[in-house]
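For reference, the structure discussed in these notes is given below.
Numbering (our numbering), first residue to last: 3 to 118.
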């Protein structure tokens, strides 16, 4: 049976594996973070965020990151109809990541829908 929707808990677990096992080098080298947010009724939603000053919506980047997410979890491939990619600009507010948690503010730049 094909799965067209994942629960929030399942997405959280998948995103944790993706961030620590697949996306960590992209985060370090390109300063762009990819997070899997949901997969409901065949629609995959991911967020691309960065604190880079010149960060903007880029269809090529979106397609690369969507491809990477689909390679990571082939189950998405079987059931996907489209993908929403949200581009966010992150701003550091407080925290040092060691003694206090990092806190960021996110501003939506753009949303791109990719029909597959």
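Using N, Cα and C, we set each Cβ at its ideal position, and we do this for glycine too.
Runs of alpha helix (DSSP H) lying entirely within the region 20 to 48, each at least 4 residues, in chain order:
Fully enclosed alpha helix (DSSP H) runs of 4 or longer: 26 to 32.
Are the CB atoms of residue 49 and residue 39 within a distance shorter than 8 Å?
Going by C-beta atoms, residue 39 is nearer than 8 Å to residue 49.
Beta carbon of residue 65: closer than 7 Å to some heavy atom of the ligand SAM?
Although the ligand SAM was asked about, the structure shown includes no ligands whatsoever.
So if DSSP puts residue 91 in a beta bridge, which residue, or which two residues, is it bridged to?
Under DSSP, residue 91 shares a beta bridge with 52 and 109.
Could you give the DSSP three-state label for residue 13: helix, strand or coil?
helix
What did DSSP end up calling residue 117 once you bin it into helix, strand or coil?
strand
Exposed unless 16 or more other CB atoms sit within 10 angstroms - verdict on residue 104
Flag for residue 104 reads exposed.
Delimiting residues of the alpha helix (DSSP H) encompassing residue 80:
76 to 81
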